[in-house]
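The sequence shown begins at 1 in UniProt numbering and counts up by one.
Every residue, glycine too, gets a C-beta built ideally from N, C-alpha and C.
Source: prediction; values computed, not measured.
Okay, so here's the structure we're looking at.
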Amino acid sequence: MATLVEPPDGIRHRGKHYYSMWQTLFEVDTKYVPIKPIGRGAYGIVCSSINRVTNEKVAIKKINNVFENRIDALRTLRELKLLRHIRHENVIALKDVMMPIHRTSFKDVYFVYELMDTDLHQIIKSSQPLSSDHCKYFLFQLLRGLKYLHSANILHRDLKPGNLLINANCDLKYILGWPEPVEVLANS
Numbered sequence: 001m002a003t004l005v006e007p008p009d010g011i012r013h014r015g016k017h018y019y020s021m022w023q024t025l026f027e028v029d030t031k032y033v034p035i036k037p038i039g040r041g042a043y044g045i046v047c048s049s050i051n052r053v054t055n056e057k058v059a060i061k062k063i064n065n066v067f068e069n070r071i072d073a074l075r076t077l078r079e080l081k082l083l084r085h086i087r088h089e090n091v092i093a094l095k096d097v098m099m100p101i102h103r104t105s106f107k108d109v110y111f112v113y114e115l116m117d118t119d120l121h122q123i124i125k126s127s128q129p130l131s132s133d134h135c136k137y138f139l140f141q142l143l144r145g146l147k148y149l150h151s152a153n154i155l156h157r158d159l160k161p162g163n164l165l166i167n168a169n170c171d172l173k174y175i176l177g178w179p180e181p182v183e184v185l186a187n188s
């Protein structure tokens with residue numbers, strides 16, 4: 001669970017709240033209330049949250065110390081640029097990007113996404129049987145999303161069941177992570 005904590009410098013900043021999850025500090029806009037961590041990877045930590053303004057459930061991804069490594073910073077910028085322009089029902093939607101109060105303290109990046117219930121990996125691992133119709137519907141959405149990404153000259157490069165999110169309606173969406181534009185790959 002997310003625990004509300006005091007700011008690290010002891011000074012409350014207007015418009016920000018501080019939460020601790022999995023021994024990681026989240027500095028989030030006051031319109032978001034983190035609920036619980038839902039994932040951890042090389043990129044950072046993802047938590048589920050509620051947008052108090054819209055009452056919508058969202059996922060917040062914190063990318064730690066994004067500027068320590070030039071390549072990671074460029075990948076994060078590329079992800080942000082792509083997600084701002086991509087609109088497809090089978091690609092996870094970027095809802096918001098949270099900025100720090102002061103530019104001098106800008107070291108972590110927070111992306112806010114729509115929240116999904118699970119991923120295809122968890123469904124495959126579970127004992128829940130999948131009908132032929134479920135499999136066909138997942139495959140249809142997977143191919144439709146992939147066709148859209150390729151038509152936009154984007155190669156995913158990390159297609160796996162864990163990067164395919166699914167909600168209770170069986171809607172499937174790609175997590176882009178750090179995608180590569182085709183032009184970048186052609187020149188390397």
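- request: Classify R12 as helix, strand or coil using the three-state DSSP reduction.
  value: Along the sequence shown, read from residue 1 onward, the residue named residue 12 stands at position 12. In this structure, R12 counts as coil in the three-state DSSP scheme.
- request: Would you check if the distance between the CB atom of T76 and the CB atom of V66 is smaller than 8 Å?
  value: In the sequence shown, counting from the first residue as 1, residue 76 sits at position 76. In the sequence shown, counting from the first residue as 1, residue 66 sits at position 66. Cβ atoms of T76 and V66: closer than 8 Å.
- prompt: How long is the line joining the alpha carbons of T118 and D108, rounded to whole angstroms?
  reply: In the sequence shown, counting from the first residue as 1, residue 118 sits at position 118. In the sequence shown, counting from the first residue as 1, residue 108 sits at position 108. One C-alpha to the other measures close to 25 Å.
task: Take C170 and list the residues in its own chain whose beta-carbon comes closer than 8 Å to its own, dropping the five residues that flank it on each side.
output: Sequence index remark: in the sequence shown, residue 170 carries index 170 (1-based). Close CB contacts of C170 within its chain, under the 8 Å cut and outside five residues either way in sequence, are with H134, Y137 and F138 (chain order).
At least 3 beta-carbon pairs within less than 8 Å: the region 81-92 vs the region 31-48: no
message: Taking only three categories from DSSP, how would you classify L172?
response: Residue 172 sits at position 172 when you count from the first residue of the sequence shown. When secondary structure is reduced to three states using DSSP, L172 falls in the strand class.
- prompt: What's the C-alpha gap between I166 and P100?
  reply: Translated into positions along the sequence shown, residue 166 becomes position 166. Translated into positions along the sequence shown, residue 100 becomes position 100. Taking the straight line joining both Cα atoms gives about 31 Å.
message: So, at 6 Å on beta carbons, what are the nonlocal neighbours of I124 in its own chain, with the 5 sequence-adjacent residues on each side left out?
response: Numbered from 1 along the sequence shown, position 124 holds the residue referred to as residue 124. Here the set comprises P161.
message: Ignoring anything shorter than 3 residues, give me the beta strand (DSSP E) runs that lie fully in the region 2-67, in order along the chain.
response: 3-5, 16-21, 24-29, 32-41, 44-51 and 56-63
query: Near K95, which residues of its chain fall below 7 Å by C-beta distance, leaving aside the five closest residues on each side in sequence?
result: Mapped onto the sequence shown, residue 95 falls at position 95. Excluding residues within five positions, the ones whose Cβ falls inside 7 Å are V58, V112, Y113 and E114.
- request: Would you kindly report the start and end of the unbroken alpha helix (DSSP H) that includes K136?
  value: Taking the sequence shown and counting its residues from 1, one reaches residue 136 at position 136. S132 to S151 is the span of the alpha helix (DSSP H), which, as asked, contains K136.
field: Local Cβ density within 10 Å of K173, reported as buried at 16 or more and exposed below that
entry: Position 173 of the sequence shown, counted from the first residue, corresponds to residue 173. Looking at its Cβ environment, which holds 16 or more other Cβ atoms inside 10 Å, K173 is buried.
field: I92 in three-state terms, based on DSSP
entry: Taking the sequence shown and counting its residues from 1, the one referred to as residue 92 is at position 92. Three-state DSSP puts I92 in coil, outside helix and strand.
message: Closest to S151 by C-alpha separation, out of L120, H88 and S127, would be which residue?
response: Looking up residue 151 in the sequence shown gives position 151. Per the Cα distances, H88.
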